[in-house]
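Enquirer:
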Amino acid sequence: MKKYSLLLLLPFFSLTAGAQDNFYQINGKADTRYNGALVTLFTFTGDYIRSVDSTYVADGHFSFTGSEYLYEKSVISMGNYPDSVFAAELYLERGPIEVELKQKPVVRSPYITDYRLYADSCRKIERAYAIEGQSQAFYDEGNDRLLSYKYQFKKKYIQNGIGRSLLVNEILYASDPYFYKLYELLPEREKQRYDVQESYKERVRKDKQVQQENKPFPDLTLTNSTGEKQRISDYAGKSELLYLDFWASWCGPCMSQKPHIKELYEKYKDDGFKILGISLDTDTKRWLAAIEKTGSVWPELCAASKECEAEIRESYNIVGIPYGVLIDQSGKVIKANCGHWQILKWILEEYYKK
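The sequence shown lines up with residues -19 to -1, 1 to 335 when you count with mature numbering (1 follows the signal peptide of the UniProt record, and there is no 0).
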């Protein structure tokens, strides 16, 4: 009889052990001067607060426990404005999680440890291939190695919010050949999220940029510095290479790289390399002031209206600026998405073999 009763209890023990395995345990620390301070744990679903839990600091310690939640990052905070506020982001993964709330918060957990190793490895790969003066093949090799490594890490976590956030946050890696493979591994619930759908649309647009290569450039009518209408075709075909530099006065990265673009222009202009600036500005006064500030030495055209700005973005599938397109003398796009000056530098070095 006793043996029979014990067998009946075994499923209960198994379920209890399994449930405990799925729990997180936050062991927190704070300076003892904050004894009695309220510590709050927020969980989220999208942009909405999912749950709120709270406790108090006692003898410099606090704790939370609950079911594992990996759909979104959670936040632990202590203090209220205008007093000091300390906060830390974390995933509520099963097992012990150590948190120190201070000026620079510290979180220790299996995922955080794994992610730090991942980030360090990415930096090492990037540094190994960040050597100036190498061939495009050398940089392509480094890029392939980096993307392959990132794919393996994302795949490991793709079934939850950790992998999904990595996929969404790195969407602008247009050359990532693993994006669609990772997207298909996402649970259906994840695919329906607004941020995932928007990221998917961005990636499709990035792919369309590449698909413009080896095709005639889209011709548009824009406004020049005297207020007259001109077409891009008025400048195309006049030189061996024409670089369309898409920028705007309100774009900090665009403005900061102008000196580098100018250096490339001065170096290669006698070899048939020309530039046509195309601003997405709708305020022509700001556009003209920016041209004067940067001392542009090549022709400049401007959208000058929201309708024209939208047409430029749509025609060239522009997701963000700075953006660049390289056109040959026949009017064919030979390279899209080369808006960063360093990328343009590599392309021109390879093209002119200098």
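Heads up, the beta-carbon is just placed ideally off N, CA and C, and yes, glycines get one too.
1. R184: buried (16+ other C-beta within 10 angstroms of its C-beta) or exposed?
2. Quick one: does the C-beta of V38 sit closer than 8 angstroms to a heavy atom of the ligand NAD?
3. Would you call the segment 53 to 68 and the segment 83 to 90 touching, i.e. three or more CB-CB distances under 8 angstroms?
4. State the DSSP-derived secondary structure class of C283, mapped to helix, strand or coil.
5. Grab me the residues of L128's own chain with a C-beta within less than 6 angstroms of its C-beta, minus the 5 sequence neighbours each way, in chain order.
6. Helix, strand or coil for W228, going by three-state DSSP, please let me know.
7. Specify the secondary structure class of S129 as computed by DSSP and reduced to three states.
8. For T202, report the span of its beta strand (DSSP E) as first-last.
9. Quick one: give me the first and last residue of the beta strand (DSSP E) that K334 is part of.
10. Just how far apart, CA to CA, sit P303 and Y297?
11. Is DSSP giving Q173 helix, strand or coil here?
12. What are the start and end residues of the alpha helix (DSSP H) that includes I242?
13. Looking only at its own chain, which residues have a Cβ that is under 8 angstroms from the Cβ of I328, when we skip the five neighbours before and after it?
14. Please name the residue in Y5, N16, N141, G276 whose C-alpha comes closest to that of L167.
15. Please confirm if the segment 167 to 176 is in contact with the segment 196 to 206, defined as three or more CB-CB distances below 8 angstroms between the two stretches.
16. According to DSSP, which residues form a beta bridge with residue 377?
17. What are the partner residues of S146, as DSSP defines its beta bridges?
18. Of the choices P280, S277, D264, L269, whose alpha-carbon is the least far from that of E290?
19. Does the pairing of the segment 101 to 108 with the segment 13 to 28 give three or more beta-carbon distances under 8 angstroms?
20. Could you check what DSSP says for F119 in three-state terms: helix, strand or coil?
21. Tell me whether L(-13) sits in a helix, a strand or coil according to DSSP, three-state version.
22. Output the boundary residues of the alpha helix (DSSP H) element that contains E81.
23. What are the boundary residues of the alpha helix (DSSP H) that S102 is part of?
24. Residues in its own chain within less than 7 angstroms of S48 by CB, not counting five upstream and five downstream?
25. At the level of alpha carbons, what is the spacing between S206 and I293?
26. Do the CB positions of I259 and E281 come within less than 9 angstroms of each other?
27. Mark Y37 as exposed unless 16 or more other C-beta atoms lie within 10 angstroms of its C-beta, in which case mark it buried.
28. If you draw a straight line from the C-alpha of H42 to the C-alpha of L325, how long is it?
29. Between the C-alpha atoms of Y138 and G144, what's the straight-line distance to the nearest angstrom?
30. On the DSSP bridge assignment, give the partners of G305 in chain order.
31. In angstroms with no decimal places, state the Cα-to-Cα distance between Q133 and E179.
32. By Cβ distance, which residues of its chain are closer than 6 angstroms to S220, with the 5 residues on each side in sequence left out?
33. Just reading off the beta strand (DSSP E) that R31 is part of, what are its end residues?
34. Within 10 angstroms of the Cβ of T204, are there 16 or more other Cβ atoms? Answer buried if so, exposed if not.
35. Of the choices V177, Q211, A217, G305, whose alpha-carbon is the least far from that of K239?
36. If you drop the 5 nearest sequence neighbours on each side, which residues of the same chain put their C-beta closer than 8 angstroms to that of G312?
Expert: Straight from the coordinates:
1. R184 comes out buried.
2. The ligand NAD is not part of the structure shown, which contains no ligands of any sort.
3. Touching, yes.
4. C283 sits in a strand when the DSSP states are folded into three classes.
5. Beyond the five residues adjoining it in sequence on each side, L128 comes within less than 6 angstroms, by CB distance, of D157 in the same chain, given in chain order.
6. In this structure, W228 counts as strand in the three-state DSSP scheme.
7. Secondary structure at S129: helix, using DSSP grouped into helix, strand and coil.
8. DSSP places T202 inside the beta strand (DSSP E), whose first and last residues are 202 to 205.
9. Run containing K334: none; DSSP gives neither H nor E here.
10. Each residue's alpha carbon lies about 13 angstroms from the other.
11. Annotated three-state conformation of Q173 is coil, per DSSP.
12. For I242, the enclosing alpha helix (DSSP H) starts and ends at 239 to 249.
13. Within the same chain, I328 has close Cβ partners Q117, L307, K316, C319.
14. The candidate whose alpha carbon is nearest that of L167 is N141.
15. Verdict: no, contact absent.
16. The structure shown does not extend to residue 377, since the chain spans only -19 to 335, so no value can be given for it.
17. Answer is none; S146 lacks a bridge partner.
18. Sorting P280, S277, D264, L269 by C-alpha distance to the C-alpha of E290 places D264 at the top.
19. Counting Cβ pairs under 8 angstroms, fewer than three are found: no touch.
20. Helix, per DSSP.
21. Caution applies to L(-13), whose pLDDT of 40 falls short of 50 and renders its modelled position unreliable; the value that the coordinates give is listed next. In the displayed model, L(-13) falls within a helix according to three-state DSSP.
22. Where E81 is concerned, there is no enclosing alpha helix (DSSP H), although the beta strand (DSSP E) around it starts and stops at 76 to 81.
23. In the DSSP assignment, S102 falls within the alpha helix (DSSP H) that extends over 91 to 109.
24. Once the five neighbours on either side are set aside, the close Cβ partners of S48 are N3, F4.
25. Note on geometry: alpha-carbon atoms of S206 and I293 lie some 18 angstroms from one another.
26. The answer is yes: Cβ separation under 9 angstroms.
27. By the neighbour-count criterion, in which a residue is buried when 16 or more other Cβ atoms sit within 10 angstroms of its Cβ, Y37 is exposed.
28. Taking the straight line joining both Cα atoms gives about 54 angstroms.
29. In this model, Y138 and G144 are separated by some 4 angstroms (Cα to Cα).
30. In the DSSP output, where bridge partners are listed per residue, G305 has D226.
31. Going from the Cα of Q133 to the Cα of E179 covers about 23 angstroms.
32. Sequence-distant partners of S220 (beyond 5 residues in either direction) whose C-beta falls short of 6 angstroms from its own C-beta, in its chain, are G253, K255.
33. For R31, the uninterrupted beta strand (DSSP E) run begins and ends at 29 to 37, by DSSP.
34. It counts as buried.
35. Cα-wise, what sits closest to K239 is G305.
36. Spatial neighbours of G312 in its own chain (CB-CB distance under 8 angstroms, excluding positions within 5 residues in sequence) are listed in chain order as P197, F198, S214, A217, G218.
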